[in-house]
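All you need for the numbering used here is the position in the sequence shown, starting with 1, plus 596.
By construction, the Cβ of each residue, glycine as well, lies at the ideal position given by its N, Cα and C atoms.
Everything numeric in this text was worked out from a predicted model, so none of it was measured.
Contents: one structure, followed by commentary.
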Amino acid sequence: MFIYSYTAINSHNDLIKDTLIAKNKKQALLIIIENNLIPLKIKLKAIFNLNKLNLNYRIHFFHQLSILTSSGINLLQCLSILKSNCQLPLWNYIISCSINNLKKGESFAKNLKQHPTIFDSTTLSLIIIAEKTGQYENSFTIITTMLEHNIETTQIIKKALRYPITLIIFSIILLSIMLLYVIPQFENIYSTFQHELPFLTQIMITISNRIRDEFYLFFILISLFILCIIKFRTEFKKHLHQLSTIIPYFGQLIQFHNLSIYFLTLSSTLKAGLPLPECLNCAIGTITNNHYHKDSQFIHSTVIKGESLSSAMNQTLFFPSLAIQLISIAEETDKLQYFTQYLFKYYSKQYADITKQRLKNLEPILLVLISSLIGVIMLAMYLPIFNLGNVITGV
């Protein structure tokens with residue numbers, strides 16, 4: 597993506613200087629024309645990609661807004677302070693647009709809505725509530741907490757997966773070297789002496805030759821498989837998500853992860869003052885699993901019809917009995933925000949602990965499987981060496 601600065605004339609013949617985000621100069625031109633402007637000059641200002649740095653800046657952005665608004669500074673001044681200290685072109689552009697729109701009397705949420713890959717529906721809902729109630733500090737603090745939780749969860753998964761992935765990659769490289777380079781050398785040695793190779797070595801050489809000779813077939817099959825996934829990604833994703841919920845080893849992890857996000861969103865939006873139906877609608881957008889996403893939509897529509905939240909949850913497979921019982925108590929005691937906060941913390945901890953434990957249990961299984969494969973290949977390599985003396989002497 598590119599950031600373009602442009603000069604244009606509006607319908608009142610006023611000279612307008614502004615910036616915009618577009619994929620190319622042609623798209624930038626179309627955007628200017630769609631805004632009823634006559635473009636005079638378009639210039640490339642900066643190139644950016646939505647990398648980790650840009651996404652992680654969201655936490656800093658909302659954290660700083662929370663601190664600044666708590667001191668009594670208005671939102672426009674807060675954004676001006678952030679702009680003067682921002683070094684990222686994308687965020688500089690977003691903040692600049694927000695400042696300009698606020699000066700025109702437009703809402704802060706309306707400007708952020710133009711960047712759905714950065715600001716999700718929950719974030720926008722919290723900002724809308726802040727603009728209605730004037731409680732910016734509270735909403736910005738809640739958004740910061742939600743973003744920090746997402747980052748922490750991602751880091752837990754990455755840290756837990758680092759060793760198994762490294763082990764698998766190293767093993768694939770080692771197996772490839774053995775199959776494609778080392779074992780064929782023994783075939784050349786034995787072919788010189790016209791001596792038959794051991795049976796296990798013959799099998800390994802056959803596998804090696806098939807991989808080398810028919811590599812293009814593997815490449816075509818893999819390419820077709822990837823193309824099919826891309827073309828039918830919606831259906832593929834749907835079936836994959838449904839399958840993932842019933843896998844004994846990882847199904848519970850996926851459920852707890854989605855539960856923690858769901859209750860975090862509910863707790864945060866309830867704390868901000870949103871009505872329950874709107875809180876449930878925000879929670880729908882945070883659920884990544886299609887199977888659980890449908891359950892979330894069902895709960896939202898059922899509550900709108902007048903049923904209780906616990907009753908709606910009881911009609912789905914998404915929520916464990918513990919969650920349903922606590923939500924039922926919360927509805928009776930009018931402490932829904934407190935109990936959703938408790939459930940968020942509970943399922944977050946469960947998810948983190950189970951993830952670490954199960955990936956830790958997976959490591960010895962991977963080691964045994966990989967060691968067995970390497971052991972078989974090593975045996976196939978050393979069997980000819982044990983017979984090498986007999987081959988050379990012709991015995």
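Assignment of Pro635 by DSSP, reduced to helix, strand and coil, places it in the strand class. Remark: fewer than three beta-carbon pairs, one from each stretch, lie closer than 8 Å, so the segment 945-964 and the segment 873-889 are not flagged as touching. Apart from the 5 residues on each side of it in sequence, Pro980 sits with its Cβ closer than 7 Å to the Cβ of Phe782, Tyr786, Leu793, Pro794, Thr797 in its chain, given in chain order.
DSSP places Asp891 outside any beta strand (DSSP E); the residue lies instead in the alpha helix (DSSP H), whose first and last residues are 886-900. About 4 Å separates the beta carbon of Ser944 from that of Ser856, a gap short enough to meet the 8 Å contact definition. Less than 7 Å divides the Cβ of Ala624 from the Cβ of Ile638. Per the DSSP secondary-structure output, Ser601 pairs in a beta bridge with Thr615, Lys639. Linking Leu640 to Lys699 through their CA atoms gives a straight-line distance of about 25 Å. Put simply, the backbone Cα of Pro916 is about 34 Å away from that of Glu733. Nearest to Lys755 by alpha-carbon distance, out of Gln921, Leu955, Gln937, is Leu955.
By the 16-neighbour rule on beta-carbons within 10 angstroms, Leu675 is buried. By the Cβ criterion, the segment 722-737 is in contact with the segment 855-873, since at least three pairs of Cβ atoms, one from each stretch, lie closer than 8 Å.
Of all C-beta pairs linking the segment 679-693 to the segment 762-771, fewer than three are shorter than 8 Å, placing the two stretches out of contact. Under the Cβ criterion (8 Å, minimum of three pairs), the segment 661-675 counts as touching the segment 728-745.
Of the residues assessed, Tyr812 falls on the exposed side of the cut-off, its CB having fewer than 16 other CB atoms within 10 angstroms. The three-state reading of DSSP puts Leu625 in helix, counting H, G and I together. Annotation: the continuous alpha helix (DSSP H) that includes His659 extends over 648-666. Under the three-state reduction of DSSP output, Asp716 falls in the coil class, being neither helix nor strand. For His745, the enclosing alpha helix (DSSP H) covers residues 732-773. Only residues of its own chain outside the window of five on either side were considered, and among them Lys613, Leu636, Lys637 have a CB closer than 6 Å to the CB of Thr603, listed in chain order. Secondary structure at Lys931: coil, using DSSP grouped into helix, strand and coil. Around the beta carbon of Met742, a 10 Å sphere encloses 16 or more other beta carbons of the protein chains shown; the residue is thus reported as buried. Under the DSSP assignment, Lys700 falls outside any alpha helix (DSSP H); it carries neither an H nor an E label.
Rounded to whole angstroms, Leu633 and Asn606 show a C-alpha spacing of 5 Å.
Within a 10 Å sphere around the beta-carbon of Tyr600 sit 16 or more other beta-carbons, which makes this residue buried.
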